[in-house]
Each structure stands twice: as C-alpha cells, then as structure tokens.
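First the structure, in the form of structure tokens, and then the observations on it.
Number of protein chains: 2
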Amino acid sequence: MAAPIGFYFDFISPYGWLGAVGIERIAASHGREVDWRPMLLGVAVMQVMGLKPLLDMPLKGDYVRRDVPRTAAFLGLPYKRIDAPMTPLPPARAFLWLKARDPVRAKAFAQAVQAQHFGEGVNATTVDGLAPVARRFGLSGEEYREAVAGAEAKALLKASVDAALATGVFGSPSFVVDGELFWGHDRLDQVDKWLAKGGW
Amino acid sequence: MAAPIGFYFDFISPYGWLGAVGIERIAASHGREVDWRPMLLGVAVMQVMGLKPLLDMPLKGDYVRRDVPRTAAFLGLPYKRIDAPMTPLPPARAFLWLKARDPVRAKAFAQAVQAQHFGEGVNATTVDGLAPVARRFGLSGEEYREAVAGAEAKALLKASVDAALATGVFGSPSFVVDGELFWGHDRLDQVDKWLAKGGW
Numbered sequence: 001m002a003a004p005i006g007f008y009f010d011f012i013s014p015y016g017w018l019g020a021v022g023i024e025r026i027a028a029s030h031g032r033e034v035d036w037r038p039m040l041l042g043v044a045v046m047q048v049m050g051l052k053p054l055l056d057m058p059l060k061g062d063y064v065r066r067d068v069p070r071t072a073a074f075l076g077l078p079y080k081r082i083d084a085p086m087t088p089l090p091p092a093r094a095f096l097w098l099k100a101r102d103p104v105r106a107k108a109f110a111q112a113v114q115a116q117h118f119g120e121g122v123n124a125t126t127v128d129g130l131a132p133v134a135r136r137f138g139l140s141g142e143e144y145r146e147a148v149a150g151a152e153a154k155a156l157l158k159a160s161v162d163a164a165l166a167t168g169v170f171g172s173p174s175f176v177v178d179g180e181l182f183w184g185h186d187r188l189d190q191v192d193k194w195l196a197k198g199g200w
Numbered sequence: 001m002a003a004p005i006g007f008y009f010d011f012i013s014p015y016g017w018l019g020a021v022g023i024e025r026i027a028a029s030h031g032r033e034v035d036w037r038p039m040l041l042g043v044a045v046m047q048v049m050g051l052k053p054l055l056d057m058p059l060k061g062d063y064v065r066r067d068v069p070r071t072a073a074f075l076g077l078p079y080k081r082i083d084a085p086m087t088p089l090p091p092a093r094a095f096l097w098l099k100a101r102d103p104v105r106a107k108a109f110a111q112a113v114q115a116q117h118f119g120e121g122v123n124a125t126t127v128d129g130l131a132p133v134a135r136r137f138g139l140s141g142e143e144y145r146e147a148v149a150g151a152e153a154k155a156l157l158k159a160s161v162d163a164a165l166a167t168g169v170f171g172s173p174s175f176v177v178d179g180e181l182f183w184g185h186d187r188l189d190q191v192d193k194w195l196a197k198g199g200w
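Taken in order, these protein sequences are the chains called V and C.
Per the numbering used here, the very first residue in the first sequence carries number 1; after that it's consecutive.
Per the numbering used here, the very first residue in the second sequence carries number 1; after that it's consecutive.
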C-alpha cells in the first residue's frame, strides 16, 4: 500500500486551509491517505528564512488580504477574515496530542478548527476559542489543558516542526507525494497529475 | 474597446516567462491585448520588501530550482537552466527603447529573448548575449548601444519600475485586469475567469 501523502500546514494559514480542502479531495480520487503534519511558519519563515510575516510585508501584505478571499470564492469556499493577532500553538498542539491517541478523530478535529476559523470567522486558534471544538470532540477540561499546554503536546509539536524543516518544507501548505515536494495550494494540479503518473 | 491587460515581469524571472506564454494565450481567447511592462525584482523585492533573491533563500531556493523545470514540463514548455549571474537591465532597457518606437516588434523581441534564455538556455540577458537577438530585430550597432545603455532607455526603465511599484506589483509575473491585480503564473486560471466574468 502506498505511503500517505504528507500534508504540511500552519493552523493560522488561510492558504493551508485551502490546501487542506483540496488535498483531501484529490487524494480520495486516487485512493490515497493524507497525513496532516502541522508546522510553524513563525519558525520556518521568520527564524530559518529571516522573513517577516506575510501580512506585514510591504506590497505583498495588501495583495494577500485581497488574494485570500478572492481565491476562496474562486474555489467556492466560504471565508471570513479574522483580524485579531493569533498563534497556531493551541490547535497545533491539541491536534498532535489527539493524533497520538486517535488519528482519525484528530483529522476531523483539525478540519473543524479550520471550518470555524476560516469559514465562520470565529477565532479557533486561542485557548478560549478552541475550547468548544475540543469539547465537541470529547476532551475533558483536564485533557484539554494537557493537549494545549502539556509537556507531551509541546514535544510533539517541536518534533513536527523539526521534521517539516528536515523535509525542506518552508511554506503552508506543502505536500510530499512519494518523496516529491510541492508548495502551495496552487500546485494541487501538479500534485493530482503526480499521483496519477508518478512524474512527467 | 477594453484596456489592455497589464503584464508585469522581470526578464530574469522564469516564472515571468511562464506567465508571458500563458497570458498571451488567455488574452487571445478573450480578444484582449496584453501590454508588457518590465519591472525589476531587484528593486521591488530586495529594496522595497527587504528580501533576498529567491534562489539565495534557505529552503525556498532549493525548492525553486526544482519547481521551475517541473512546472515548465507540466505546462509542456522546453526549459534549460542557466547558472550564470545575470541582470535584466539590457533586455528590459532594449525592450522599452523598441516599444517606444514599435510596440508590436518590441513584444516579438521580448518573446525571442525569453525563448532563447529559458527555452534554449543561452543567456540573453547580457549585452553580448542579447546582441544577436537585437540584430535579428533590425537594430544597428549604434541603435543597440543606445537601447541597452542610453539615457532614454535608462529613463524608460526607471519609469516602468516606478509605475509597477505604484500599481502594487511586487512579483513576476503579475497581471492587472481592469484594475484587478493577480500575482503568479498560477493565478492565470483566475485571470481567465476574471476576463470572462469581470469578477465572481
């Protein structure tokens, strides 16, 4: 059986959300599984590459504010922008904590986080904003505290970030198909063909 | 009659070449003209945005070296990589000098420059490498010197770069369709739809 497609994303990245929706659809059409692997743009882009956050870049920040809703609408996805400062740490840790226990439920949790955050515009990246999603997925208060701030969850996220960097991942979303790295939801047409033909 | 599509590109940008091929095909299918407007990534990206050249970025540089030939092949275009250091100044100036005299011939010149540089892998961005193309397009030795290094050509390029920045252009290729800015050859699917529907 073929290895799962590696899907690398940051929970605060709207392009990561667009990529999540796309890769699941494409993978299913090829009978392939997708393994969701959170990374942190703050580490990859800011620390390793020395760049500013996308939205703070001159020119590019303005463009991205226009491109994201336009692209979501082009793809037929609902999108509401959130302006609050945010960190991906709570959902990334909680996802990996859940994944270590129940990978299927963890993916559904991540999809629910993205649907609330990007689709409904209700911030799901803070500890408070994420709590109702965690409850819906059956986490007790004690489990939730462990999932977003416990030592195991922190270590799982650090390992996930390190593994992404070691794979050469620098952006969200990225996809690894049988060893081949693709960056951007706008490479999904190539991912689709690579899955069908193994190259060209 | 509708205004031409603004096509912004850097002569050393392989994605700019992919965008050039794509936008001419799409524009033709909508009966629209394309106005080629050179910009300089060295000014937009390095000076205004404070970034390093793409190929010098950790992680991203390696990815781009793989992505460009893979994407060209995906699109069915021949591509040969050139490793020499290069500057877009000679072709950008010569193109604008020609465009001020004969816009139709100037576009064919730019396409010939890109075909030689990216398709054949023969550096067409140096004064020496560009000279045979200029001769094919009828420039005398004196005209060529004016075109690549004269005061008029330099002023035309400075104006072109300033106009691109004032339009919000920060990357190559970019497209402006009836006031709407799109960045990247991978937004051509959206450009195509925008030309058909004027939005969505």
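C-beta atoms are modelled at their ideal positions from N, C-alpha and C, and glycine is treated no differently.
>> Taking only three categories from DSSP, how would you classify residue 37 of chain C?
In response: Residue mapping note: residue 37 of chain C aligns to position 37 of the second sequence, counting from 1. In this structure, residue 37 of chain C counts as strand in the three-state DSSP scheme.
> Using 8 angstroms as the threshold, is the segment 10-26 of chain V in touch with the segment 83-92 of chain V, meaning 3 or more CB pairs across them?
Replying inline: yes
> Thinking C-alpha only, which one of V:119, V:154, V:111 and V:150 is nearest residue 136 of chain V?
Replying inline: By one-based count along the first sequence, residue 136 of chain V stands at place 136. Out of V:119, V:154, V:111 and V:150, V:111 has the C-alpha closest to the C-alpha of residue 136 of chain V.
> Counting only runs that start and end within the segment 11-96 of chain V, where is the beta strand (DSSP E) found for 3 or more residues in a row?
Replying inline: 34-38
> Can you find at least 3 beta carbon pairs, one from the segment 47-66 of chain C and one from the segment 37-51 of chain V, that sit closer than 8 angstroms?
Replying inline: yes
> Is residue 9 of chain V helix, strand or coil by DSSP?
Replying inline: By 1-based counting over the first sequence, the position of residue 9 of chain V is 9. In this structure, residue 9 of chain V counts as strand in the three-state DSSP scheme.
> Which of the three DSSP states, helix, strand or coil, is assigned to residue 169 of chain V?
Replying inline: For the purposes of this step, residue 169 of chain V is taken as the residue at position 169 of the first sequence. Coil at residue 169 of chain V, not helix or strand.
>> Please report the straight-line C-alpha distance between residue 134 of chain C and residue 141 of chain C, rounded to a whole angstrom.
In response: Here residue 134 of chain C is taken as the residue at index 134 of the second sequence, counted from 1. Here residue 141 of chain C is taken as the residue at index 141 of the second sequence, counted from 1. Answer to the nearest angstrom: the Cα atoms are 9 angstroms apart.
>> Which residues of the segment 52-66 of chain C have a Cβ closer than 8 angstroms to any Cβ of chain V? Give them in chain order.
In response: 52, 57, 58, 59, 60, 62, 63 and 66
> If you count every other CB in all the chains shown that lies within 10 Å of the CB of residue 187 of chain C, and 16 or more means buried, which is it?
Replying inline: The sequence position of residue 187 of chain C within the second sequence is 187, counting from 1. Residue 187 of chain C is buried by the Cβ-count criterion.
> Residues of chain V with CB under 8 angstroms from residue 186 of chain C, in chain order?
Replying inline: As a working note, residue 186 of chain C is residue 186 in the second sequence. Within chain V, the residues near residue 186 of chain C are 184, 186 and 187.
> Apart from the five residues on each side of it in sequence, which residues of its chain come closer than 7 angstroms, Cβ to Cβ, to residue 177 of chain C?
Replying inline: Locating residue 177 of chain C in the second sequence gives position 177, counting from the first residue. Around residue 177 of chain C: 5, 191, 194 and 195.
>> Can you look up residue 180 of chain C in the DSSP assignment and give me helix, strand or coil?
In response: The count along the second sequence starts at 1 and reaches residue 180 of chain C at position 180. Residue 180 of chain C: strand per DSSP, three-state reduction.
> How many angstroms separate the CA atom of residue 51 of chain V from the CA atom of residue 170 of chain V?
Replying inline: Here residue 51 of chain V is taken as the residue at index 51 of the first sequence, counted from 1. Here residue 170 of chain V is taken as the residue at index 170 of the first sequence, counted from 1. Cα-Cα distance, rounded: 11 angstroms.
> Does any residue of chain C bring its CB to less than 8 angstroms from the CB of residue 193 of chain V?
Replying inline: Taking the first residue of the first sequence as 1, we reach residue 193 of chain V at position 193. Yes, residue 193 of chain V lies at the interface with chain C (some Cβ there is under 8 angstroms from its Cβ).
>> Quick check on residue 118 of chain C: does DSSP put it in helix, strand or coil?
In response: For this step, residue 118 of chain C is matched to residue 118 along the second sequence. Correct three-state label for residue 118 of chain C: helix.
> Does the ligand GDP have even one heavy atom less than 7 angstroms from the beta-carbon of residue 190 of chain V?
Replying inline: This structure lacks the ligand GDP; in fact it carries no ligand of any kind.
>> So if I threshold CB-CB distances at 8 angstroms, which residues from the segment 65-90 of chain C count as touching chain V?
In response: 66, 67, 70, 71, 73 and 74
> On the premise that residue 39 of chain V lies in contact with residue 250 of chain V, defined as a C-beta separation below 8 angstroms, what is that separation, rounded to the nearest angstrom?
Replying inline: Nothing in the structure corresponds to residue 250 of chain V, since chain V is present only between 1 and 200.
>> In this structure, how does DSSP classify residue 174 of chain V when only helix, strand and coil are distinguished?
In response: Position 174 of the first sequence, counted from the first residue, corresponds to residue 174 of chain V. Residue 174 of chain V: strand per DSSP, three-state reduction.
> Given residue 69 of chain C, which residues of its chain have a CB within under 8 angstroms of its CB, disregarding the five upstream and five downstream residues?
Replying inline: Within the second sequence, the letter at position 69 stands for residue 69 of chain C. 79 and 81.
> Listed in chain order, which residues of the segment 157-183 of chain V have Cβ atoms closer than 7 angstroms to some Cβ of chain C?
Replying inline: 168, 170, 181 and 183
> Once you ignore the five residues that flank residue 33 of chain V on each side, which residues in its own chain have a CB closer than 6 angstroms to its CB?
Replying inline: Start at 1 with the first residue of the first sequence, and residue 33 of chain V comes out as number 33. 4.
>> Tell me the residue span of the alpha helix (DSSP H) that contains residue 194 of chain C.
In response: Residue 194 of chain C sits at position 194 when you count from the first residue of the second sequence. Run containing residue 194 of chain C: 188-197, per the alpha helix (DSSP H) assignment.
> Under 8 angstroms Cβ-Cβ, which residues of chain C neighbour residue 190 of chain V?
Replying inline: For the purposes of this step, residue 190 of chain V is taken as the residue at position 190 of the first sequence. By Cβ distance, chain C contributes 70, 71 and 74.
>> Going by DSSP in three states, residue 140 of chain V sits in which element: helix, strand or coil?
In response: For the purposes of this step, residue 140 of chain V is taken as the residue at position 140 of the first sequence. Of the three classes helix, strand and coil, the one that applies to residue 140 of chain V here is coil, per DSSP.
> Which bits of chain C does residue 200 of chain V rub up against, with CB to CB less than 9 angstroms?
Replying inline: Here residue 200 of chain V corresponds to residue number 200 of the first sequence, with the count starting at 1. Result: 70, 73 and 74.
> With distances taken between CB atoms, is the gap from residue 139 of chain C to residue 113 of chain C smaller than 8 angstroms?
Replying inline: Here residue 139 of chain C refers to the residue found at position 139 when the second sequence is read from its first residue. Here residue 113 of chain C refers to the residue found at position 113 when the second sequence is read from its first residue. No, the Cβ-Cβ distance between residue 139 of chain C and residue 113 of chain C is not below 8 angstroms.
> If you run the structure through DSSP and keep just helix, strand and coil, what is residue 101 of chain C?
Replying inline: The residue given as residue 101 of chain C occupies position 101 in the second sequence. Of the three classes helix, strand and coil, the one that applies to residue 101 of chain C here is coil, per DSSP.
> What did DSSP end up calling residue 3 of chain V once you bin it into helix, strand or coil?
Replying inline: Position 3 of the first sequence, counting from 1, holds the residue named residue 3 of chain V. It is coil, neither helix nor strand.
>> For a contact defined as C-beta to C-beta under 7 angstroms, what are the partners of residue 48 of chain C on chain V?
In response: Start at 1 with the first residue of the second sequence, and residue 48 of chain C comes out as number 48. Simply 58 and 59.
>> Among the candidates C:2, C:17 and C:107, whose CA atom is the shortest distance from the CA of residue 119 of chain C?
In response: Within the second sequence, the letter at position 119 stands for residue 119 of chain C. Selected option, being the one with the closest Cα: C:17.
> Closest by CA to residue 19 of chain C, which one among C:127, C:36, C:29 and C:30?
Replying inline: On the second sequence, residue 19 of chain C is found 19 positions in, with the first residue counted as 1. Residue C:36 is the option with its Cα nearest to residue 19 of chain C.
> Secondary structure at residue 129 of chain V, three-state DSSP: helix, strand or coil?
Replying inline: Taking the first sequence and counting its residues from 1, the one referred to as residue 129 of chain V is at position 129. Reduced to three states, the DSSP call for residue 129 of chain V is helix.
> Expressed to the nearest angstrom, what Euclidean distance is found between the alpha-carbon atoms of residue 64 of chain C and residue 71 of chain C?
Replying inline: Residue 64 of chain C sits at position 64 when you count from the first residue of the second sequence. Residue 71 of chain C sits at position 71 when you count from the first residue of the second sequence. Going by the C-alpha atoms only, they are around 10 angstroms apart.
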